[in-house]
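K.L.:
Here's a structure for you.
2 protein chains.
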Amino acid sequence: MRVLIVEDEVRLAATLQDLMEMNGYNADACHDGEAGLDNALTGIYDIIILDVMLPKMDGFTVLKRLRGAGSATPVLMLTARDQLSDRVEGLDCGADYYLTKPFEPQELLACIRALVRRQPELRNTEELTYADLRLEKNTFTLSCEARSVRLSRKEFDMMELLMLNRELVITKETLLLKIWGYESDAEDNNVEVYISFLRKKLDHLHSRVKIRTIRMVGYCLADPDS
Amino acid sequence: MRVLIVEDEVRLAATLQDLMEMNGYNADACHDGEAGLDNALTGIYDIIILDVMLPKMDGFTVLKRLRGAGSATPVLMLTARDQLSDRVEGLDCGADYYLTKPFEPQELLACIRALVRRQPELRNTEELTYADLRLEKNTFTLSCEARSVRLSRKEFDMMELLMLNRELVITKETLLLKIWGYESDAEDNNVEVYISFLRKKLDHLHSRVKIRTIRMVGYCLADPDS
DNA sequence: CGCCGGTTTCAGACATCTTTCAGCTTCCAG
DNA sequence: CTGGAAGCTGAAAGATGTCTGAAACCGGCG
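Chains A and B are the protein sequences, given in the same order. Under the working numbering, the first sequence has 260 at position 187, and the numbering climbs by one with no breaks. Under the working numbering, the second sequence has 103 at position 30, and the numbering climbs by one with no breaks.
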C-alpha cells in the first residue's frame, strides 16, 4: 500500500511519512504542487494526502488536473483553512475526504483506513486468499493448509499485489513502481529475484499455486486445479 | 438515487429530506436505530445518512450490524459530538465520512456527491475472437474450447493482424512492415516461418480455423463452417 | 564491534524466441 | 511433362529474456 504525501511544510511531511511507515504503508513525500501532480499521475499510489496551500500549484488545481486525467485514486485533502467554501470546493474537485489541521494522527489513520476500505480491490481485510493460499496482513505470514512461512516486507508486498490481481497479468514495471517506488534505481532483475524467493516459499508450502511468467509482459498467479 | 436518513430529531430529518429531494435525490427518513437498520438492510439505498445518537440502537451499532451483514452502501455519519474518539470509532466501524453538526447544507451535498462519485473501474480484459478462436491480449494466449497455447511476441502480432483482418487478405509486405518494422532486413521467408508456427498451433488447438495462402498475394483466415 | 535478516548485485545457467538455411512440395506456364 | 518460381518446414545457430545461487551490502541491535 503506497501513499503519496504532498505537503510543503517539510517537517510535517516528514512526520506524516514516518507515521505512515510506522503503520505499514510505503510513503513518498514531495513539497510542491507540480511535483505532487507528476507523482500522482504515475498511478502507483493507492492514497494521496494533499495539502491545499502549496508552492507552484495549489491543491485544488492538482486535484482537478488529476481527476481530469482520469485518475480515481482516493485523495485526502489536508489544510489549515476551515472555511466551508474550501471544503465544498475540495470535495467537488474530487477529494474523498477533507481534514483540517491540526488533526490527531489517530484521526488521519482512521480516515485512511476508511478510504482504503472503500476500494474493493484493496479492501483491508485481515487476510487475503487465493486458491489454497492465505496471506495474513498483520503478521506477514503466508500459509497453505497447516504449513506457513513468514515473508519479508518486499516479499509480502509482491505477494499481495499478485494475489489482488489474481489471474490478471501484472508487469514488472508495475511491480517495480509499486514496490520500489518511482525514484528507486531497482531494475527488472530485482523483481525476478523476489519472484524466485516467492516461488521457493510456495514450493516449501506445497501449495498448488504457481507464479506464471508471461515472457516480455509480467507475472500472474495460476491455480492448476481451476 | 435513493438516500436513507436516520435521524431522531424529526424536524432536522424533515429538513434533510427536503434538501435531498430539492437536489434530485429520493429520500426516506426514519427516527430510530432499529428502523434505520431494517431499512438500510433492504439494500435499496445508495447512500445512508446516519446520526450517532439514536433511540433504541445507537448509530455505531447500526453501522456495525449493517457492515456485519455484508452491506457496502456508503454511510455518512452525522452527529453533534465532535470527540476524536467518536470520529475514529465511526470511521473504523465502516463509515465513509464523518460530519459534525452544525453543518451547512452545501457541505452535506458536497459530501454526498463525493461518496456517489466513486464507481468501480472496469476490468480491462481485452480479447479478440474469430470463429472458435479467442486471443487474449494480456497473456498472449490463443485458445479454442478448452485448449490453449501461448504465443510468442511475433506469433501474437501476426495472429492479431490476421484476426483483425478476418477474411481480408493481408500481404507479406504488410506483415513484414507491421511486425518487423520499416528498417528490418527480414524477408518473406520470416513471414512464412511464422505462418508455419501458427498453423502448427492451430492444429494443436484443433481449431477449425485455417490460414489460407493466396499465392503471390498473402494470407487470410478462413472458417470452413461459415 | 559482530551478528542478523533483509536487500541488492552479479554472473553463469537456462529457457524461449527469432533468424537462417537447405531441402522439400506445390503450382503454373510453356 | 518439365522447369522454375513461390511457398513450406525441420533443424540448427544466434539472440534475448529469465532464473537462481552466491556474495556483497546495509541498517538495526545486543
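The beta-carbon is built from N, C-alpha and C at its ideal position, and this holds for glycine as well.
Any idea what DSSP makes of Y292 (chain A), helix, strand or coil?
P.N.:
For this step, residue 292 (chain A) is matched to residue 219 along the first sequence. Three-state result, Y292 (chain A): strand.
K.L.:
Quick one: what's got a C-beta closer than 8 Å to C293 (chain A)'s C-beta in the same chain, skipping five residues either side?
P.N.:
Position 220 of the first sequence, counted from the start, is the residue given in the question as residue 293 (chain A). The residues are L235, N238, R239, E240, L241, V242, I243, I284, R285 and I287.
K.L.:
Let's see if you can read the secondary structure: which residues bound the beta strand (DSSP E) around M130 (chain A)?
P.N.:
Numbered from its first residue, the first sequence carries residue 130 (chain A) at position 57. Run containing M130 (chain A): none; DSSP gives neither H nor E here.
K.L.:
In angstroms, rounded to a whole number, what distance separates the CA positions of L208 (chain B) and D81 (chain B)?
P.N.:
Within the second sequence, numbered from 1, the residue matching residue 208 (chain B) stands at position 135. Within the second sequence, numbered from 1, the residue matching residue 81 (chain B) stands at position 8. Those two C-alpha atoms are separated by around 58 Å.
K.L.:
Could you tell me whether the Cβ of A153 (chain A) comes closer than 7 Å to any Cβ of chain B?
P.N.:
Position 80 of the first sequence, counted from the first residue, corresponds to residue 153 (chain A). No - not a single Cβ of chain B is within 7 Å of the one on A153 (chain A).
K.L.:
Excluding the 5 residues flanking A145 (chain A) on each side, which residues of the same chain have their C-beta closer than 7 Å to its C-beta?
P.N.:
In the first sequence, residue 145 (chain A) corresponds to position 72, counting from 1. Contacts found: none.
K.L.:
Counting only runs that start and end within the segment 174–238 of chain B, where is the beta strand (DSSP E) found for 3 or more residues in a row?
P.N.:
200–203, 206–209, 214–217 and 220–223
K.L.:
Any beta carbon of chain A sitting closer than 7 Å to that of N96 (chain B)?
P.N.:
On the second sequence, position 23 is the one that residue 96 (chain B) refers to. Answer no: the Cβ-Cβ gap between N96 (chain B) and chain A never drops below 7 Å.
K.L.:
Report yes or no: do the segment 134–148 of chain B and the segment 107–114 of chain B share at least 3 C-beta pairs separated by less than 8 Å?
P.N.:
yes
K.L.:
Could you tell me the distance, in whole angstroms, from the CA atom of L182 (chain B) to the CA atom of A153 (chain A)?
P.N.:
If you number the second sequence from 1, residue 182 (chain B) lands on position 109. If you number the first sequence from 1, residue 153 (chain A) lands on position 80. Cα to Cα, the separation comes out at about 22 Å.
K.L.:
Going along chain A in order, which residues have a C-beta closer than 8 Å to the C-beta of V222 (chain B)?
P.N.:
Counting from one through the second sequence, the residue named residue 222 (chain B) turns up at place 149. Ordered by position in chain A, no residue passes the 8 Å Cβ test against V222 (chain B), which lies about 13 Å from the chain.
K.L.:
Tell me which residues of the segment 173–186 of chain B have at least one Cβ-Cβ distance to chain A shorter than 7 Å, keeping chain order.
P.N.:
E177, Q179, E180, A183, C184 and R186
K.L.:
Taking the alpha-carbon of M126 (chain B) as reference, which of B:V79, B:D165, B:K137 and B:A100 has the nearest alpha-carbon?
P.N.:
Against the second sequence, residue 126 (chain B) aligns to sequence position 53. Considering only alpha carbons, the answer is B:V79.
K.L.:
When burial is assigned at 16 or more other CB atoms within 10 Å of the CB, is M93 (chain B) buried or exposed?
P.N.:
Taking the second sequence and counting its residues from 1, one reaches residue 93 (chain B) at position 20. Classification of M93 (chain B): buried, given that the 10 Å Cβ count is 16 or more.
K.L.:
Can you tell me which of the three DSSP states A86 (chain B) falls into?
P.N.:
For the purposes of this step, residue 86 (chain B) is taken as residue 13 along the second sequence, with counting starting at 1. The answer is helix: DSSP assigns A86 (chain B) an H, G or I state.
K.L.:
According to a CB-to-CB cut-off of less than 7 Å, which residues of the segment 207–231 of chain B neighbour chain A?
P.N.:
Residues N211, T212, F213 and R226.
K.L.:
Can you name, in chain order, every residue of its own chain whose Cβ lies under 7 Å from the Cβ of M267 (chain B), other than the five neighbours on each side?
P.N.:
On the second sequence, residue 267 (chain B) is found 194 positions in, with the first residue counted as 1. The question names Met, yet the displayed sequence has Tyr at residue 267 (chain B). Cβ neighbours of Y267 (chain B) beyond the five flanking positions: K227, E228 and M231.
K.L.:
Determine whether the Cβ of R160 (chain B) lies closer than 7 Å to any Cβ atom of chain A.
P.N.:
As a working note, residue 160 (chain B) is residue 87 in the second sequence. R160 (chain B) counts as touching chain A.
K.L.:
Relative to the C-alpha of R281 (chain A), which residue among A:G291, A:D261 and A:D298 is closest?
P.N.:
To locate residue 281 (chain A), count along the first sequence from 1; it is residue 208. Among A:G291, A:D261 and A:D298, the Cα nearest to that of R281 (chain A) belongs to A:D298.
K.L.:
In chain order, what residues of the same chain have a beta carbon less than 7 Å from the beta carbon of K245 (chain A), not counting five sequence neighbours either side?
P.N.:
Here residue 245 (chain A) refers to the residue found at position 172 of the first sequence. Closer than 7 Å at the Cβ level, and outside the excluded window around K245 (chain A), lie D261, V264 and G291.
K.L.:
Examine the ligand COA and report whether any of its heavy atoms sits within less than 6 Å of the Cβ of Y203 (chain B).
P.N.:
Of the ligands one can find in the structure shown there are none, so the ligand COA has no counterpart to examine.
K.L.:
Please decide whether D36 (chain B) counts as near chain A, where near means a Cβ-Cβ distance under 7 Å.
P.N.:
Residue 36 (chain B) lies beyond the range of chain B shown here (74 to 299); nothing can be said about it.
K.L.:
I45 (chain A) CB to nearest chain B CB: under 7 Å?
P.N.:
Residue 45 (chain A) cannot be examined here, being either before or after the span of chain A that is shown, 74 to 299.
K.L.:
Note down the Cα distance separating I185 (chain B) from I120 (chain B), rounded to an integer number of angstroms.
P.N.:
Here residue 185 (chain B) corresponds to residue number 112 of the second sequence, with the count starting at 1. Here residue 120 (chain B) corresponds to residue number 47 of the second sequence, with the count starting at 1. Rounded to the nearest whole angstrom, the CA to CA distance from I185 (chain B) to I120 (chain B) is 8 Å.
K.L.:
Taking DSSP's pairing of strands, which residues face R150 (chain A) in a bridge?
P.N.:
Locating residue 150 (chain A) in the first sequence gives position 77, where the first residue counts as 1. Here residue 150 (chain A) is Met; the residue named in the question, Arg, does not match the sequence. Answer is A:L123 and A:Y171.
K.L.:
Check for me: the alpha helix (DSSP H) holding N99 (chain A) runs from which residue to which?
P.N.:
Residue numbering aside, residue 99 (chain A) sits at position 26 when the first sequence is read from its first letter. Per DSSP, N99 (chain A) belongs to no alpha helix (DSSP H); it is in the beta strand (DSSP E), N99 to C103.
K.L.:
May I ask you to report which of helix, strand or coil DSSP gives R272 (chain B)?
P.N.:
Residue mapping note: residue 272 (chain B) aligns to position 199 of the second sequence, counting from 1. Correct three-state label for R272 (chain B): helix.
K.L.:
Opposite V79 (chain A) in the DSSP bridges: which residues?
P.N.:
The sequence position of residue 79 (chain A) within the first sequence is 6, counting from 1. Its beta-bridge partners are A:C103 and A:L123.
K.L.:
If you follow the alpha helix (DSSP H) that R160 (chain B) is in, where does it begin and where does it stop?
P.N.:
The residue given as residue 160 (chain B) occupies position 87 in the second sequence. Taken as a continuous stretch (DSSP letters only), the alpha helix (DSSP H) holding R160 (chain B) covers L157 to C166.
K.L.:
Quick one: what's got a C-beta closer than 6 Å to L139 (chain B)'s C-beta in the same chain, skipping five residues either side?
P.N.:
As a working mapping, residue 139 (chain B) is identified with position 66 in the second sequence. Here the set comprises A113.
K.L.:
Looking at the secondary structure, which residues open and close the beta strand (DSSP E) in which K283 (chain B) lies?
P.N.:
By 1-based counting over the second sequence, the position of residue 283 (chain B) is 210. K283 to I287 is the extent of the beta strand (DSSP E) around K283 (chain B).
K.L.:
Using the C-alpha atoms, what's the distance from G163 (chain A) back to R84 (chain A)?
P.N.:
Locating residue 84 (chain A) in the first sequence gives position 11, counting from the first residue. Locating residue 163 (chain A) in the first sequence gives position 90, counting from the first residue. Cα to Cα, R84 (chain A) sits roughly 24 Å from G163 (chain A).
K.L.:
Give the straight-line distance between the Cα atoms of L77 (chain A) and L248 (chain B), rounded to the nearest whole angstrom.
P.N.:
As a working mapping, residue 77 (chain A) is identified with position 4 in the first sequence. As a working mapping, residue 248 (chain B) is identified with position 175 in the second sequence. Inter-residue distance for L77 (chain A) and L248 (chain B) is about 45 Å (C-alpha atoms, whole angstroms).
K.L.:
Residues of the segment 126–153 of chain B with a CB closer than 9 Å to any CB of chain A: list them in chain order, please.
P.N.:
A145 and P147
K.L.:
What residues in its chain sit with their C-beta under 6 Å from that of L206 (chain B), if we drop five residues either side in the sequence?
P.N.:
In the second sequence, the residue the question calls residue 206 (chain B) occupies position 133. So the qualifying residues of the chain are C217, S280 and V282.
K.L.:
Kindly indicate if chain A contains any beta-carbon less than 7 Å away from that of L164 (chain B).
P.N.:
The residue given as residue 164 (chain B) occupies position 91 in the second sequence. Chain A contact via Cβ: present.
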